[in-house]
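Chemist: Below are the structure tokens for one structure; questions will follow.
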Amino acid sequence: MTDTTVTAASQIEVDRAELDASISRFAGSNGEYYAEAFHKIHEATGVVPTSFNLAAMLLGPIWAAMRGVWGSFWGFLILEVIAWVQIGRGAWGNPGAEFLERAARQTERAAEFTERAEAARLAGEDPSRFETLAGNMARAVERNQQAAEAANAEAFSILMIGLALLLVIKLVEGFYSNVIYEKQYSRWRIDPSHVDSGVKTQRLILGILLVLAIAPLTVYKFTSASPIEMLSGFPEREVSQLVLSTDSQTIYTGVANWMDRQIDAAATAGSGAFDSITAGVRAVLDTLTLALIGTPWPVVMVVICVVAWRAAGPRVAIFTAAALAYVALLGYWEISMETVALVGAAVLICVTIGIPLGIWFGKSARAYRGAEPVLDLMQTLPAFVYLIPIIAFFGTGNPPGILATIIFGMPPVIRLTALGMRGVPDSIKEAAVAFGATRWQLLKDVEFPLALPSIMAGVNQTILMCLSMVVIISLIGGGGLGKVILEALQYAAKGPGLLGGFAILFCAMVIDRIVQGAFRRADQK
45 MTDTTVTAAS QIEVDRAELD ASISRFAGSN GEYYAEAFHK IHEATGVVPT
95 SFNLAAMLLG PIWAAMRGVW GSFWGFLILE VIAWVQIGRG AWGNPGAEFL
145 ERAARQTERA AEFTERAEAA RLAGEDPSRF ETLAGNMARA VERNQQAAEA
195 ANAEAFSILM IGLALLLVIK LVEGFYSNVI YEKQYSRWRI DPSHVDSGVK
245 TQRLILGILL VLAIAPLTVY KFTSASPIEM LSGFPEREVS QLVLSTDSQT
295 IYTGVANWMD RQIDAAATAG SGAFDSITAG VRAVLDTLTL ALIGTPWPVV
345 MVVICVVAWR AAGPRVAIFT AAALAYVALL GYWEISMETV ALVGAAVLIC
395 VTIGIPLGIW FGKSARAYRG AEPVLDLMQT LPAFVYLIPI IAFFGTGNPP
445 GILATIIFGM PPVIRLTALG MRGVPDSIKE AAVAFGATRW QLLKDVEFPL
495 ALPSIMAGVN QTILMCLSMV VIISLIGGGG LGKVILEALQ YAAKGPGLLG
545 GFAILFCAMV IDRIVQGAFR RADQK
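Printed below as a string of structure tokens:
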């Protein structure tokens, strides 16, 4: 029993020695200190840290930089800058400067009103109006001067608050730096190649440079009564003169003018191709418009309700009938059908182009990597920005609006189709090939059916995103319910705007319920 105890104690000492050596390799300088500090942290049971790092307290962000704890570096730097701003405001700042500037402007206005009152008196007119205004301004000046005096009287309190805040921040840095550094050591033990360790001169120099570049300018900007103008706004015109060596234009105007010329040249050179694209989109739109608006409204309403019944069931059919009754009774029937035609044309083109592209990207990782930045751009660029090149190349109206909608709505169906194709298990594809399936049969009978849930989710997302563009395309002459919302915004017509918004909502809900219901029924079979 004694031998076992001795062996266990010896093993504990060996493990501790190995741990101390590991901590020393990680910390570099002062390895023994950090080994002891980390042991205290491991053995502590309370919330309050049991070790205090004097170097971290004194150096703050500089200590964090040279140790490679960059998260703490930025946290310490920001907190200390806030404290020094308070100290600066109380020690050498002018807390009442804003009130004094306001009082100076009001004094000028009071003098102006006094002069106008004197001029009116000399002209034989009643000067009382200007005298009243001058008196009001004089009282405002007095109030601002009193506020400035009160603010300046609080300078000592601001200084004390800043000093107390700095002391608290320094104590926090001293007590918690070892805890933070111990967590970095734990990460270093797992992956030494990707976690900073030791003390490096390069990190120390970088930390000092960052502190010198950030702290003094920030403190000066917030504590000076009249800081340098260059710190308040970027000297864009001065930089433009330096780069372009001319006072006639700035970098902005030069780049903007160059882009205007390039877009105009491209629009002129490709006018034939752009007109052909517009004609193709218009053909699809005119076909859907004729089917929805040219057909008698009872026929269209019955067909839509029957489709809803067959696709999603009686509950969705009843909701569809109620929604159609809403748009019809409020006089939105024709304009709602125009909206559905716009969305339908955009979705049809998105699906026709997007699903084949998604299948290709799902099968070719290289093609998907090349297309991913383009899809990211299409999804993240604000929708209003699409309208600028659309107007330049295709003009205004419904067909250009559909093209803008296509750009905004196509990425979901491409991404989710590619995701569905990549999600087909390799074992199933290998089994199909083993039974003699050709590439076309593999795609048609195996991959596409298994990827269909993801593809239908993409189609559903595309439909909803195309509907969300209805209001935006009205800005470039697009029709439909978006025009109602735009007019309501222009004239602040709250009632018509809300009624039109509900009409768009019901159109979206009907389309969404029908598509989702059809997919659920197909999935259950």
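Using this note's numbering, read the sequence shown as starting at 45 and increasing by one per residue. From the three backbone atoms N, C-alpha and C, an ideal C-beta is built for every residue, glycine too. Quick caveat, the model's predicted, so the values are computed rather than measured.
Taking only three categories from DSSP, how would you classify Lys244?
Modeler: Lys244: coil per DSSP, three-state reduction.
Chemist: Does the beta carbon of Ala313 fall short of 6 Å from some heavy atom of the ligand GTP?
Modeler: Inclusion of the ligand GTP in the displayed structure is not the case, the ligand content being empty and no account of it being possible.
Chemist: For Trp107, does the three-state DSSP call read helix, strand or coil?
Modeler: Three-state DSSP puts Trp107 in a helix.
Chemist: On a Cα-Cα basis, can you pick out the residue from Val503, Phe550 and Ala436 that is closest to Ala309?
Modeler: Considering only alpha carbons, the answer is Ala436.
Chemist: Could you give the distance in angstroms between the alpha-carbon of Leu253 and the alpha-carbon of Leu98?
Modeler: For Leu253 and Leu98, the distance between alpha carbons rounds to 22 Å.
Chemist: Below 7 Å between beta carbons: does that hold for Gly453 and Met500?
Modeler: Taking 7 Å as the Cβ cut-off, Gly453 and Met500 do not qualify as a contacting pair.
Chemist: At which residue ranges does the segment 469 to 522 contain complete alpha helix (DSSP H) runs of 4 or more residues, listed in the order of the chain?
Modeler: For the segment 469 to 522, whole alpha helix (DSSP H) runs of length 4 or above, ordered along the chain, are 470 to 478, 492 to 512 and 514 to 517.
Chemist: Could you tell me the distance, in whole angstroms, from the CA atom of Phe550 to the CA atom of Val418?
Modeler: Computed Cα separation, rounded: 32 Å.
Chemist: So what does DSSP say about Gln293, is it helix, strand or coil?
Modeler: Looking at Gln293 - three-state DSSP - the assignment turns out to be coil, as it is neither helix nor strand.
Chemist: For Ala313, is the classification buried or exposed, using 16 other Cβ atoms within 10 angstroms of its Cβ as the cut-off for buried?
Modeler: It is exposed - the Cβ of Ala313 has fewer than 16 other Cβ atoms within 10 Å.
Chemist: Looking only at its chain, what residues have a beta carbon closer than 6 Å to the beta carbon of Val528, apart from the 5 residues adjacent to it on each side?
Modeler: Taken in chain order, the residues that qualify are Gly544.
Chemist: According to DSSP, is Asn74 part of a helix, a strand, or is it coil?
Modeler: Three-state DSSP puts Asn74 in coil, outside helix and strand.
Chemist: Do Ala640 and Gly140 have their C-beta atoms within less than 7 Å of each other?
Modeler: Residue 640 is absent from the model: the chain starts at 45 and stops at 569.
Chemist: Report the residue from Asp470, Phe266 and Phe157 whose alpha carbon sits nearest the alpha carbon of Asn138.
Modeler: Of Asp470, Phe266 and Phe157, the residue nearest in Cα terms is Phe266.
Chemist: Gly502 and Thr461 - do their beta-carbons sit closer together than 7 Å?
Modeler: Yes, these two residues count as a Cβ contact at 7 Å.
Chemist: Please state if the CB of Leu431 and the CB of Gly295 are separated by a distance shorter than 7 Å.
Modeler: One point to set straight first is that residue 295 is Ile, not Gly, in the sequence displayed. Not closer than 7 Å, so no.
Chemist: Where does Leu425 fall in DSSP's three states?
Modeler: It is coil, neither helix nor strand.
Chemist: Quick one: residues in its chain with C-beta nearer than 6 Å to the C-beta of Trp232, no 5 flanking neighbours on either side, listed in chain order?
Modeler: Phe70, Val239 and Ser241.
Chemist: Any beta carbon of chain B sitting closer than 7 Å to that of Thr331?
Modeler: The chain inventory of the structure shown lacks chain B, comprising one protein chain alone.
Chemist: On a CA-only basis, which of Ser268, Ser73, Ile213 and Ser230 is nearest Lys244? Give me that one, please.
Modeler: Ranking Ser268, Ser73, Ile213 and Ser230 by Cα distance to Lys244 puts Ser73 first.
Chemist: Please return the same chain residues whose Cβ sits closer than 6 Å to the Cβ of Ile572, not counting the five positions on each side in sequence.
Modeler: Summary: the structure shown does not reach residue 572, with the chain confined to residues 45 through 569, and so no result is reported for it.
Chemist: Residues in its own chain within less than 8 Å of Lys473 by CB, not counting five upstream and five downstream?
Modeler: Excluding positions up to five away in sequence, the list reads Leu486, Val490 and Glu491.
Chemist: Can you list, in chain order, the residues of its chain with a C-beta nearer than 7 Å to that of Met45? Leave out the 5 residues immediately preceding and following it.
Modeler: For Met45, the predicted structure reports a pLDDT of 47, less than 50, and the residue's modelled location is therefore unreliable. A value from the coordinates is still provided. For Met45, where only same-chain residues beyond five positions count, there are no Cβ hits under 7 Å.
Chemist: In chain order, what residues of the same chain lie with their CB nearer than 7 Å to the CB of Pro456, ignoring the 5 residues before and after it?
Modeler: Taken in chain order, the residues that qualify are Gly502, Gln505, Thr506 and Met509.
Chemist: When you compare only the Cα positions, how much space is there between Ala155 and Ala178?
Modeler: Distance between the alpha carbons of Ala155 and Ala178 is about 7 Å.
Chemist: Span of the alpha helix (DSSP H) holding Val239?
Modeler: Per DSSP, Val239 belongs to no alpha helix (DSSP H) and is neither H nor E.
Chemist: Measure from the alpha carbon of Trp136 to the alpha carbon of each residue in Arg187, Tyr77, Gly206 and Asn180, then state which is nearest.
Modeler: The shortest C-alpha separation from Trp136 is found at Gly206.
Chemist: Could you give the DSSP three-state label for Thr158: helix, strand or coil?
Modeler: Helix, per DSSP.
Chemist: Considering only the beta carbon of each residue, do Ile213 and Arg133 sit closer than 7 Å?
Modeler: Taking 7 Å as the Cβ cut-off, Ile213 and Arg133 do not qualify as a contacting pair.
Chemist: Applying the 10 Å Cβ sphere with the 16-neighbour rule, what's the burial state of Val554?
Modeler: Flag for Val554 reads buried.
Chemist: Excluding sequence positions up to five away, which residues of its chain have a Cβ less than 8 Å from the Cβ of Val185?
Modeler: If we look at Val185 and ignore the five residues flanking it on each side, its Cβ neighbours are Ala147, Gln150, Thr151 and Ala154.
Chemist: If you scan the segment 113 to 152 from start to end, which runs of the alpha helix (DSSP H) of 4 or more residues do you find wholly inside it?
Modeler: Whole alpha helix (DSSP H) segments, 4+ residues: 114 to 135.
Chemist: With distances taken Cα to Cα, identify the nearest neighbour of Gly251 among Pro469, Ala164 and Ile106.
Modeler: Nearest of Pro469, Ala164 and Ile106 to Gly251, Cα basis: Ile106.
Chemist: Closest by CA to Arg247, which one among Thr364, Val113, Leu211 and Glu145?
Modeler: Ranking Thr364, Val113, Leu211 and Glu145 by Cα distance to Arg247 puts Val113 first.
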